[in-house]
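Under my numbering, read the sequence shown as residues 49 to 116, first letter to last. Using N, Cα and C, we set each Cβ at its ideal position, and we do this for glycine too. Note that the structure is predicted; figures quoted are calculated from it, not measured.
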Amino acid sequence: VCDFVANVERSVTIDEVNEVFRDAATESLRGYLGYCDEPLVSSDFKGNPLSSIFDSLSTMVIGGNLVK
Numbered sequence: 049v050c051d052f053v054a055n056v057e058r059s060v061t062i063d064e065v066n067e068v069f070r071d072a073a074t075e076s077l078r079g080y081l082g083y084c085d086e087p088l089v090s091s092d093f094k095g096n097p098l099s100s101i102f103d104s105l106s107t108m109v110i111g112g113n114l115v116k
């Protein structure tokens, strides 16, 4: 499990963050990054060959600039 936290230069929305990760999972990081928009748990990913899976349901934006 990896927790991603970043301060970004401009205010963003959860939808914008999710769109960036969804695009990366289907384009530049295809085969490495997965994108999940279902309420799954870690055991659902057992045997998944991807390096990382982005859980879009857990995306948070705090104060507009802190992405978690």
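Check this for me: beta carbons of residue 69 and residue 84, under 8 angstroms apart or not?
no
Could you name the residues that DSSP lists as bridge partners for residue 55?
114
Identify whether residue 77 lies in helix, strand or coil by the three-state DSSP scheme.
coil
Same chain, Cβ closer than 7 angstroms to residue 113, neighbours up to 5 away in sequence not counted:
55, 56, 59
List the DSSP bridge partners of residue 109.
115
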